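Colleague: Per this note's numbering: the sequence shown ends with 246, consecutive numbering throughout.
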Amino acid sequence: MSGFKIFFLLSLTAFFFACEDFQTQNYEIDAIDAQACTMISDTTFKNIPTKSLAEINAGWTLEQLGDSAAKAITILKDSLQVTISALDSAYQIIVNDAVDSSYLALSTTEGMPLLFYVDDFIKIDLIDSTGVMLGISDETMSPELVGGCLEMDKDVYYPVIKTRYVYKPEANKYLLRIIKTDQTEKSRFKTAVLNK
51 MSGFKIFFLL
61 SLTAFFFACE
71 DFQTQNYEID
81 AIDAQACTMI
91 SDTTFKNIPT
101 KSLAEINAGW
111 TLEQLGDSAA
121 KAITILKDSL
131 QVTISALDSA
141 YQIIVNDAVD
151 SSYLALSTTE
161 GMPLLFYVDD
171 FIKIDLIDST
181 GVMLGISDET
191 MSPELVGGCL
201 EMDKDVYYPV
211 IKTRYVYKPE
221 ANKYLLRIIK
231 TDQTEKSRFK
241 TAVLNK
């Protein structure tokens, strides 16, 4: 065989193998992520105000919060007259522009993974009644979630969900701390809370 024929056959073989790499693949958004997308895209929300640490107790510092978590949960529950119960609900959480951290009471009734989806860039901490902060089980945003849940503004698509946290709490009462980051854009967050 001549060198040209070998080169031609190798090129043709490489071309056919390379075509598989560029085939279109469809990726599906997970059912629970799709449910959160629908909930956040909806216009019906329960408004939930938050309180700053100074509004809970002017004498407390962040360091003292751990020792006073149970009391803070009770104060928040009594003063705000609202507790987030993780029953597949959509909320609009309202935070104070003047502070970086705001607080809510959270009551969980099942020991199932709890998913928080938010339409802004924030950090969420769960603190139990003894002051121990729960570790985040998962905070990844799959490409399917980002690309499968979009809204259009001025002919440009933007992701609806910008924060996703998964916790594995026990059935208990918790202090929910919402922390604004450098990327936080607003003071009202559309939030979906789901049990997995």
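We put the beta carbon where it would ideally sit given N, CA and C, even for glycine. Note that this is a predicted model, so its numbers are computed, not measured.
Within this structure, are the beta carbons of Ser157 and Thr100 separated by less than 8 angstroms?
Modeller: Contact: no.
Colleague: Around the C-beta of Tyr141, are 16 or more other C-beta atoms found within 10 angstroms, so that it is buried, or is it exposed?
Modeller: Its Cβ being crowded by 16 or more others within 10 Å, Tyr141 is buried.
Colleague: Let me know if Lys240 comes out buried or exposed under the rule of 16 or more other beta-carbons within 10 Å of its beta-carbon.
Modeller: It is buried - the Cβ of Lys240 has at least 16 other Cβ atoms within 10 Å.
Colleague: Would Val182 be called buried (16 or more neighbouring beta carbons within 10 Å of its own) or exposed?
Modeller: Val182 comes out exposed.
Colleague: Considering only the beta carbon of each residue, do Ser187 and Lys223 sit closer than 8 angstroms?
Modeller: For Ser187 and Lys223, no; Cβs fall outside 8 angstroms.
Colleague: Below 8 angstroms, how does it come out for the stretch 168-175 and the stretch 102-122: are there three or more Cβ pairs, yes or no?
Modeller: No, the stretch 168-175 does not touch the stretch 102-122.
Colleague: Taking only three categories from DSSP, how would you classify Asp170?
Modeller: Three-state result, Asp170: coil.
Colleague: Below 8 angstroms on the Cβ atoms is my guess for Glu253 versus Arg214; work out the distance and round it to an integer in Å.
Modeller: For the chain, the structure presents residues 51 to 246; residue 253 sits outside this window and is missing.
Colleague: Does DSSP put Val210 in a helix, in a strand, or in coil?
Modeller: In this structure, Val210 counts as coil in the three-state DSSP scheme.
Colleague: Go through its chain and collect everything with a Cβ distance to Glu220's Cβ below 6 angstroms, but skip five positions before and after it.
Modeller: Here the set comprises Gly161.
Colleague: Between Ile90 and Ala242, which are expected to be in contact by the criterion C-beta below 8 angstroms, what is the C-beta distance as a whole number of angstroms?
Modeller: So it is a contact: roughly 5 angstroms between Cβ atoms.
Colleague: Put Ala148 into one of helix, strand or coil per three-state DSSP.
Modeller: The answer is coil: DSSP assigns Ala148 none of H, G, I, E or B.
Colleague: Which residue from Ile229, Asn245, Lys246 and Leu244 puts its Cα closest to that of Ala148?
Modeller: Here the closest residue by C-alpha is Ile229.
Colleague: Can you tell me whether Leu112 is buried or exposed, with buried defined as 16 or more other CB within 10 angstroms of its CB?
Modeller: That one is exposed.
Colleague: Anyone know if the C-beta pair for Lys218 and Pro163 falls short of 8 angstroms?
Modeller: Yes, these two residues count as a Cβ contact at 8 angstroms.
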